[in-house]
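Report on the structure given below.
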Amino acid sequence: MQGIPIAVTLRNFGQLWQTSPVDLDSLSQTKLWSKSQPVESFDVFFSHTWQTPGSRKFLSLLLQYGWRMAIANCAFFVALVFLLAASGTLPMTSLTWPVNVLGFKASCPFAPWTYITVTLTLHISLFLFPYCTCARYSPRCFLDVVSIHQTDKTMKQRGVYGLGGFLSVSKEMRVLWSPPYLTRLWCVFELAAFRKANPSKPLNLKPLFVESQVFLLILASGFCTGIYTAVRTGHGIVAVANLAILPLLLFVHFNRKLMREEKSLKASLETFDLKNVECRLAADRAFVSLAITAWYGSEEAFTEYVRGPLRDELLAASELDLPLSYGVLIAASPFCMNIDVVVAMIRAGAPVDAVLAEFVGLGVGVTFFWNMLCVKIMWTLCSRWASCSSTRALDYAVSLAIFLVFLLLLGGCSSAVNSLLTFSTTGTMAVGILLCFTAMLVYRDGCPGHSCLSDP
Numbered sequence: 001m002q003g004i005p006i007a008v009t010l011r012n013f014g015q016l017w018q019t020s021p022v023d024l025d026s027l028s029q030t031k032l033w034s035k036s037q038p039v040e041s042f043d044v045f046f047s048h049t050w051q052t053p054g055s056r057k058f059l060s061l062l063l064q065y066g067w068r069m070a071i072a073n074c075a076f077f078v079a080l081v082f083l084l085a086a087s088g089t090l091p092m093t094s095l096t097w098p099v100n101v102l103g104f105k106a107s108c109p110f111a112p113w114t115y116i117t118v119t120l121t122l123h124i125s126l127f128l129f130p131y132c133t134c135a136r137y138s139p140r141c142f143l144d145v146v147s148i149h150q151t152d153k154t155m156k157q158r159g160v161y162g163l164g165g166f167l168s169v170s171k172e173m174r175v176l177w178s179p180p181y182l183t184r185l186w187c188v189f190e191l192a193a194f195r196k197a198n199p200s201k202p203l204n205l206k207p208l209f210v211e212s213q214v215f216l217l218i219l220a221s222g223f224c225t226g227i228y229t230a231v232r233t234g235h236g237i238v239a240v241a242n243l244a245i246l247p248l249l250l251f252v253h254f255n256r257k258l259m260r261e262e263k264s265l266k267a268s269l270e271t272f273d274l275k276n277v278e279c280r281l282a283a284d285r286a287f288v289s290l291a292i293t294a295w296y297g298s299e300e301a302f303t304e305y306v307r308g309p310l311r312d313e314l315l316a317a318s319e320l321d322l323p324l325s326y327g328v329l330i331a332a333s334p335f336c337m338n339i340d341v342v343v344a345m346i347r348a349g350a351p352v353d354a355v356l357a358e359f360v361g362l363g364v365g366v367t368f369f370w371n372m373l374c375v376k377i378m379w380t381l382c383s384r385w386a387s388c389s390s391t392r393a394l395d396y397a398v399s400l401a402i403f404l405v406f407l408l409l410l411g412g413c414s415s416a417v418n419s420l421l422t423f424s425t426t427g428t429m430a431v432g433i434l435l436c437f438t439a440m441l442v443y444r445d446g447c448p449g450h451s452c453l454s455d456p
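The sequence shown: position 194 = 194 (my numbering), numbered continuously.
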């Protein structure tokens with residue numbers, strides 16, 4: 001058996017995921033086998049369809065397996081830059097940030113060092129994850145393009161018709177779900193074979209639209225934070241600066257479109273019919289049909305199994321909600337913008353209680369935890385009202401309504417805490433701590449009808 005470290009499959013922007021082996025020339029097919037290595041078992045068996053763009057699978061796996069490294073690197077470099085900036089080692093710019101906290105009122109010298117650091121570190125860490133030294137310890141996976149010989153006909157046939165054996169020695173099956181998935185015969189066969197061979201091992205459904213949305217929200221968060229910073233350092237008032245998140249409206253509308261795949265996922269399971277799945281070769285269809293009939297009694301019995309018990313299992317094991325780890329990545333840029341404000345206050349000689357109130361109340365409370373909570377609410381609303389409206393105008397109106405809810409929640413809380421900062425240390429810090437616990441409670445319990453685990 002041949003396997004490959006998951007991290008290695010993501011190198012060169014996930015080149016191994018980009019093109020189906022049947023669409024490669026013979027030389028390229030020959031090189032694929034050399035990329036794998038002998039293994040006794042697989043940590044993960046990836047089930048996917050080549051009809052889905054490889055870029056979506058690459059992005060999904062990059063976040064699924066690279067988020068820990070990204071968060072660790074961000075924490076380290078942000079802490080380092082904070083110490084350097086607060087101590088005066090890093091230079092200030094000509095920018096200023098207006099502050100009015102507990103009687104300390106000043107235009108503090110400002111430089112967005114930690115905002116720039118976290119924004120760059122987050123993206124660089126994710127895309128360098130496949131090349132890090134820990135890649136050698138990355139879980140070994142079955143990836144059809146390298147685990148099955150593509151040019152030797154005998155070995156290829158043995159690999160294709162021996163999928164059941166590969167599945168039996170796999171510790172986990174991870175389905176990279178996209179709308180065409182249940183229309184492909186071999187994908188259906190892999191589901192049937194894995195659950196028959198491994199009744200108790202994890203069968204995890206990973207819809208690709210989740211990471212697609214998360215990556216867009218990370219970009220939107222960094223972009224809108226940059227606009228907000230530019231407005232505030234240009235002496236714009238807070239209410240006007242909050243309008244810097246207007247570009248998020250476009251992301252909300254696109255997220256609703258992606259959320260329609262969630263409806264498609266549920267519908268494809270509820271209406272599944274083995275007779276309607278597609279396959280390139282008649283011989284393959286005959287092989288799969290015989291195997292499924294032997295395992296489940298008949299094709300009709302398997303169809304009912306997919307619509308019933310398997311559907312319930314897959315939806316229970318799927319992660320359609322926003323996990324805590326992804327929420328942290330989305331909130332990183334605005335939180336670090338506030339750290340830059342704290343540095344500006346320190347450099348301007350602000351009292352300790354004013355600095356603490358700013359950091360705990362507005363930084364930790366609003367820009368981090370409340371921001372995460374608002375994003376989660378927006379995510380849930382996009383899921384609830386994902387369906388396309390009867391007219392284009394009404395469809396945009398729904399997106400606008402969701403955006404306005406987000407804007408009112410985030411902007412309203414930010415304005416309230418900014419007002420509280422002018423006179424109450426205890427009140428501001430209490431609100432910050434309350435927002436922290438509220439967000440953690442929501443992320444821990446999730447939302448009705450969704451699975452919300454902290455680990456993607």
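All C-beta atoms in this analysis are idealised placements derived from N, C-alpha and C, irrespective of residue type, glycine included.
Counting along the chain, the unbroken alpha helix (DSSP H) around ARG158 starts and ends at 153-160. Not a single unbroken stretch of the beta strand (DSSP E) spanning 3 or more residues falls wholly within the stretch 306-338. Taking the C-beta atoms as reference points, VAL78 is found no nearer than 9 Å to LEU421.
If you look at LYS263, you'll find it in the alpha helix (DSSP H) that goes 248-270.
Judged by DSSP secondary structure, TRP177 falls within the beta strand (DSSP E) whose first and last residues are 173-177.
Distances from the CA of HIS149 to each of GLN37, VAL118, ASP312, GLU299 were compared; the closest alpha carbon is that of GLN37.
Contact between LEU59 and GLU211 holds: their C-beta atoms lie close to 6 Å from each other, under 8 Å.
With a cutoff of 9 Å on beta-carbon distance, THR225 and TRP97 are scored as not near each other. The beta-carbon separation of ASN204 and ALA357, rounded to 43 Å, does not stay under the 8 Å limit for a contact. Between the stretch 144-158 and the stretch 23-33 there are three or more C-beta pairs closer than 8 Å, enough to call the two in contact.
Taking the Cβ atoms as the reference, VAL366 lies roughly 12 Å from SER419, outside the contact range of under 8 Å. DSSP places LEU10 in the coil class of the three-state scheme, outside both helix and strand. With 16 or more other CB atoms across the displayed protein chains lying within 10 angstroms of its CB, ARG256 is buried. Residue pairing of PRO98 in beta bridges, as defined by DSSP: SER107. A residue is called buried once 16 or more other Cβ atoms fall within 10 Å of its Cβ, and ARG384, having fewer, is exposed.
CA-CA distance, ARG174 to PRO199, rounds to 15 Å. Residue state for VAL39 is assigned as coil, using DSSP reduced to three classes.
Look at LYS376 here: in three-state DSSP terms it is helix.
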